[in-house]
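Okay, so here's the structure we're looking at.
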Amino acid sequence: MLYELLILLTLVRSPAHGYRIAKIINDMIGPYATLSHGRLYPLLARLEQQGLIQVEQSGSVQQGDRQTRVYHITEAGRQRLHQLMMDTTSNLGEYREIFAHKVAGFEFLTLAERLQLIEHYIDYCEQHITYIYKEAEDLLQKAYEIEGLQDPKQLENILNVMYHWIEQWKLELRWVQQLHESQLQRQDQAESDLSASQEPQASASS
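Using UniProt numbering, read the sequence shown as starting at 1 and increasing by one per residue.
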């Protein structure tokens with residue numbers, strides 16, 4: 001899902017050839033994760049077969065003796081992009097990274113859709129915090145019943161990691177709450193602008 005989302009997000013902004021698509025995506029997911037050409041081109045072929053992208057042979061840019069294939073998103077691809085952007089049930093184990101890329105593409109969603117995604121992610125963060133807290137409490141209560149955890153230093157190391165995870169999710173939660181507030185301010189401004197634009201019309205009709 002992630003690579004399909006990133007390819008469509010790249011192409012909805014501008015047509016691109018395969019090398020450029022790979023560079024853009026690798027810049028986004030790097031420095032250690034990479035989308036290899038061996039993985040990219042079969043995926044591009046599948047998206048083309050599904051009608052989500054189409055290919056144009058470019059005569060202006062040459063790769064050796066071969067024309068460069070320039071990829072464009074289709075209307076079906078735009079619809080698929082919207083479906084992926086609004087999907088909140090798939091790949092939940094990787095959703096933290098996926099959500100960040102969705103935020104980077106918020107300009108392709110309505111304000112109401114952005115708020116829907118943000119509110120879901122607030123709940124997603126809160127559930128992680130609650131879950132890890134509960135697991136840490138259970139571990140503290142039952143540590144001496146668990147084989148291999150009788151050594152206090154071992155327990156301390158594990159709890160240190162768990163509390164670190166909690167702080168990471170709290171930071172993520174603060175960020176998305178700020179994002180939520182900024183989107184609500186946009187909503188208020190849009191409603192204010194609409195109201196202001198309707199006032200002269202109301203005055204003229206009276």
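All C-beta atoms in this analysis are idealised placements derived from N, C-alpha and C, irrespective of residue type, glycine included. Note that the structure is predicted; figures quoted are calculated from it, not measured.
Distance check for residue j and residue i, CA to CA, integer angstroms please.
i: Lys-102; j: Glu-145; result: 44 angstroms
i: Leu-184; j: Ile-118; result: 11 angstroms
i: Met-85; j: Glu-75; result: 15 angstroms
i: Leu-6; j: Gly-38; result: 16 angstroms
i: Lys-153; j: Val-161; result: 13 angstroms
i: Tyr-32; j: Met-1; result: 19 angstroms
i: Thr-110; j: Gln-178; result: 18 angstroms
i: Glu-97; j: Gln-187; result: 26 angstroms
i: Leu-115; j: Glu-147; result: 46 angstroms
i: Phe-106; j: Pro-15; result: 19 angstroms
i: His-180; j: Glu-113; result: 12 angstroms
i: Gln-189; j: Tyr-131; result: 37 angstroms
i: Val-55; j: Glu-94; result: 30 angstroms
i: Lys-142; j: Tyr-163; result: 17 angstroms
Between which two residues does the alpha helix (DSSP H) harbouring residue i extend?
i: Glu-115; result: A small correction: the amino acid at residue 115 is Leu; Glu does not occupy that position in the sequence shown. Its alpha helix (DSSP H) spans residues 111 to 142.
i: Tyr-41; result: 37 to 49
i: Phe-99; result: 95 to 104
i: Thr-10; result: 2 to 13
i: Leu-81; result: 75 to 86
i: Gly-18; result: 18 to 29
Check whether the Cβ atoms of residue i and residue j sit closer than 9 angstroms, and answer yes or no.
i: Ala-136; j: Met-28; result: no
i: Leu-159; j: Tyr-124; result: no
i: Tyr-3; j: Leu-35; result: yes
i: Tyr-121; j: Phe-99; result: yes
i: Arg-46; j: Ser-58; result: no
i: Gly-18; j: Leu-52; result: no
i: Glu-126; j: Leu-155; result: no
i: Ile-24; j: Leu-44; result: no
Can you give the beta carbon distance from residue i to residue j, rounded, assuming they're within the 8 angstroms contact cut?
i: Phe-108; j: Leu-139; result: The pair is not a contact, with the Cβ atoms about 43 angstroms apart (cut-off 8 angstroms).
i: Ile-129; j: Trp-175; result: With a Cβ gap of about 13 angstroms, Ile-129 and Trp-175 do not count as contacting.
i: Ile-73; j: Leu-11; result: 4 angstroms
i: Thr-77; j: Leu-8; result: Per the sequence shown, residue 77 should be read as Gly rather than Thr. The Cβ separation is near 6 angstroms, so the contact holds.
Please name the residue or residues paired with residue i in a DSSP beta bridge.
i: Ser-58; result: Thr-68
i: Arg-53; result: The amino acid occupying residue 53 in the given sequence is Ile; Arg does not appear at that position. Note: Ile-53 sits in a beta bridge opposite Ile-73.
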